[in-house]
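Quick notes on the structure that follows.
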């Protein structure tokens, strides 16, 4: 079975500092990886997915198959980045979209 | 605008009672999912559906059931609520093809006393 690990429950950085939220996964096949974000009192929403290779709100994430990692990075943190971040994996079943396997989440706090 | 809604947003019930949480989406998505969110566990998949009359068990399906009689709705039923089912429940949907982005509802906070 697949697993997603986010080693940091809480990450606190100062505004303007670089941010890196770690995500490691275990899956024998070729997964699709996502980062979802949940701002205070808001619903979970997609931040980015590895297949699109986009930069959203200054965040990027590179899939490293050798290290089975999908770390989320931003060079200069902003206060509005404070939120709960979840790394998620979608396995391939050959059919429709299966449910996501989520990590336990990292609470990012940006201090002024 | 198309959206996904959940009701009720908050629910308090007693142990042993049957509870149904509603999820409704207007995107015409074939795939729908239910997750529960617990501190220290993140989100875990309960049940999911690929389309009408299709349902599948997820990681933590014991004590829960779903039915899919139309494209728009996937109600989640707790047959006999237990205190361990106190949680925040999220519904999500995605388009049919491949491993598409999932869109989440606002969540239902359920307390079982």
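Chains as they are written, first to last, in my numbering: chain A, -1 to 110; chain B, -4 to 108. Cβ coordinates follow ideal geometry from the N, Cα and C atoms, glycine included.
- Residue 8 of chain A is a Cβ neighbour of residue 105 of chain A, given a cutoff of 8 angstroms.
- Cβ contact annotation for residue 27 of chain B (same chain, cutoff 6 angstroms, sequence separation greater than five): 44, 69 and 88, in chain order.
- Distances from the alpha-carbon of residue 2 of chain B to those of B/24, B/98, B/96 and B/19 put B/19 closest.
- For residue 37 of chain B, the chain A residues whose C-beta falls within less than 7 angstroms of its own C-beta are 84, 100, 101, 102 and 103, listed in chain order.
- Cβ-Cβ separation between residue 61 of chain A and residue 33 of chain A: approximately 11 angstroms, too far for a contact (criterion under 8 angstroms).
- In this structure, residue 80 of chain B sits away from residue 71 of chain B, with a CB-CB distance that is not shorter than 8 angstroms.
- The beta carbon of residue 97 of chain A falls within 8 angstroms of a beta carbon belonging to chain B, placing the residue at that interface.
- Listed along chain B, no residue sits closer than 9 angstroms to residue 0 of chain A by beta-carbon distance, the nearest being about 10 angstroms off.
- In terms of Cα proximity to residue 31 of chain A, the closest of A/83, A/39, A/46 and A/80 is A/46.
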